[in-house]
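Structure record follows, encoded as structure tokens.
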Amino acid sequence: MNKLKAAVVVACLALSQLGFAQEKKMPPVDPSPMDMAYYPVMFPYVCKVKGEPGTLVARTVFSRPQKKGRPIFGNLVEYGKVWRLGANEATEIEFFRPVTIGGKLIPKGRYTLYAIPTESKWTIILNKQTDIWGSYKYEPSLDIVRTDVPVGAADEELEAFSMVFEKAAYGANLLMGWDKTQVSLPIRWTETATVPAKKPVAKK
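In mature numbering (1 follows the signal peptide of the UniProt record, and there is no 0), the protein residues as written are -21 to -1, 1 to 183.
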């Protein structure tokens, strides 16, 4: 009888493992894949692999929805409404040093980026709440700063929503574009701010 019970237990375990293996299928590729942008641009490769000088300042994590022949702004992305700046999870940006956006000093840390697009400008929002899906639970009381940036035309039609940093005087710009639209968010800091102050030399 004991041998029979043991055989039943082994059979049950084998079946449960088989069921587990069958259920644990890998998910398909997301139609809006996640991507990252760094400043300095391509920081992990340029500075970590190639060994070029540079200090990590900012990193953004965003999803890249595709145009797929659809009209985007004013249609798929409605004017005048808070947008997650991509798809799926709301876009996040992390600063590894204090920066200035819209004239406001932003402490280093991780934040969510939203936008309110219109035909002529986007209102870019930096918000304290992170790990958010879409903009359904957007909480205005947690905004750090809001700043308006003008709408420009992209050099070419962008099939996927895109973000990239570019070097600028006293900092960088975060370029955001999709379809035929592009905007630029100025992010400023001074390199001298990272240099420790010299200790005064005692007079003899």
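All C-beta atoms in this analysis are idealised placements derived from N, C-alpha and C, irrespective of residue type, glycine included.
Linking residue 123 to residue 98 through their CA atoms gives a straight-line distance of about 24 angstroms. Residue 55 is positioned such that its CB atom lies no closer than 8 angstroms to that of residue 94.
Closest by C-alpha distance to residue 146, out of 28, 18, 114, is 18.
Residue 80 places its beta carbon 8 angstroms or farther from that of residue 92.
Contact between the segment 33 to 45 and the segment 125 to 132 is absent: fewer than three C-beta pairs spanning the two stretches fall below 8 angstroms. Assignment of residue 163 by DSSP, reduced to helix, strand and coil, places it in the strand class. Contact annotation: residue 162 and residue 101 have beta-carbon atoms nearer than 8 angstroms. In the DSSP assignment, residue 96 falls within the beta strand (DSSP E) that extends over 88 to 96.
For the pair residue 82 and residue 44, the Cα-to-Cα distance works out to about 31 angstroms.
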